[in-house]
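A.B. asks: This structure is in structure tokens; I'll ask about it shortly.
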Ligand code: ZN
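Spelled out as structure tokens, the structure:
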């Protein structure tokens, strides 16, 4: 089943999501919700979907960066973004630790801000401790694009959107991004947009 993805302005996107208990995680309701969120993310398509985006104020998100998404991109973009396939996984009640002080900025989008994009600085290496869909504790060590996805989705669970972290002068439609900016190096984009 496909779920409705709420757009920016919906109050659920600005709430602090609540923790899930182990019993709740293992319940048929949450197991079904995880399957529906996976289907909805793949249909969009997107590389992550957090429960507040479909109106559930709980600390749960799904993530997947499929090999076919990467095939459409030139190798230099994949290298620059440090992006490689990430198998489907579920994060529940996550705790995020920034693993290095280095950050990188790239255009980032969100299924709840349909049609828009902006440059967002993010840490390039993170560590996440959380529960998986079997309520087992896991530690995820991630860098590059996976680290960015994790930061984006965990922000959702705390009521934060990328527009709260973006370089606001770079906010634009995805159409205009493709038309004018996508092919340029980030340093040139920053210079032309008047960003430091
Ligand atoms: Zn998002």
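Residue numbers (the working numbering): 11 to 206.
Backbone N, C-alpha and C fix where the C-beta goes; we use that ideal spot for every residue, glycine too.
Note that the structure is a prediction, hence the values are computed from the model and not measured.
How would you label residue 32, buried or exposed, when you count the other beta carbons within 10 angstroms and need 16 or more for buried?
C.D. replies: The residue you call residue 32 lines up with position 22 of the chain shown. By the neighbour-count rule (16 or more Cβ atoms within 10 Å), residue 32 is not buried but exposed.
A.B. asks: Can you tell me whether residue 7 sits near the ligand ZN, meaning its C-beta is under 7 Å from at least one heavy atom of the ligand?
C.D. replies: No answer is possible for residue 7: the residues shown for the chain start at 11 and end at 206.
A.B. asks: So, is residue 127 buried or exposed, given that buried needs 16 or more other C-beta atoms within 10 angstroms?
C.D. replies: Here residue 127 refers to the residue found at position 117 when the chain shown is read from its first residue. It counts as buried.
A.B. asks: Name the one or two DSSP bridge partners that residue 152 has.
C.D. replies: Position 142 of the chain shown, counted from the first residue, corresponds to residue 152. According to DSSP, which records beta bridges pairwise, residue 152 is partnered with 136.
A.B. asks: Let me know if residue 179 comes out buried or exposed under the rule of 16 or more other beta-carbons within 10 Å of its beta-carbon.
C.D. replies: Residue 179 sits at position 169 when you count from the first residue of the chain shown. Its Cβ having fewer than 16 others within 10 Å, residue 179 is exposed.
A.B. asks: Taking 7 Å as the line, does the beta carbon of residue 120 fall inside it for any heavy atom of the ligand ZN?
C.D. replies: The sequence position of residue 120 within the chain shown is 110, counting from 1. Correct: residue 120 has its Cβ closer than 7 Å to the ligand ZN.
A.B. asks: What is the residue span of the beta strand (DSSP E) that residue 73 lies within?
C.D. replies: Here residue 73 is taken as the residue at index 63 of the chain shown, counted from 1. First-last of the beta strand (DSSP E) with residue 73: 70-75.
A.B. asks: Classify residue 35: buried if its beta carbon has 16 or more other beta carbons within 10 angstroms, exposed otherwise.
C.D. replies: By 1-based counting over the chain shown, the position of residue 35 is 25. By the 10 Å Cβ count, residue 35 comes out buried.
A.B. asks: Return the residue from the list 69, 17, 18 that minimises the CA-CA distance to residue 140.
C.D. replies: Counting from one through the chain shown, the residue named residue 140 turns up at place 130. It is 69.
A.B. asks: What is the DSSP secondary structure of residue 168, counted as helix, strand or coil?
C.D. replies: Along the chain shown, one-based indexing puts residue 168 at 158. In this structure, residue 168 counts as coil in the three-state DSSP scheme.
A.B. asks: I'd like to confirm the pairing. Which residues does DSSP put opposite residue 182 in its beta bridges?
C.D. replies: By one-based count along the chain shown, residue 182 stands at place 172. In DSSP, residue 182 forms a bridge with 127.
A.B. asks: Would you call residue 225 buried or exposed, if buried means 16 or more other Cβ atoms sit within 10 Å of its Cβ?
C.D. replies: Any answer about residue 225 is impossible in this case: the structure gives the chain only from 11 up to 206.
A.B. asks: In its own chain, which residues sit with a C-beta less than 8 Å from the C-beta of residue 99, not counting the 5 before and 5 after it?
C.D. replies: Indexing the chain shown from 1 puts residue 99 at position 89. Same-chain partners within the cutoff: 72, 73, 74, 142, 150.
A.B. asks: Of the residues 95, 23, 46, which one's Cα is nearest the Cα of residue 156?
C.D. replies: Looking up residue 156 in the chain shown gives position 146. Residue 156 has its Cα closest to that of 95, out of 95, 23, 46.
A.B. asks: Nearest CA to the CA of residue 193: which residue from 60, 88, 76, 53?
C.D. replies: Counting from 1 along the chain shown, the entry for residue 193 is found at position 183. When only C-alpha atoms are compared, the closest one is 88.
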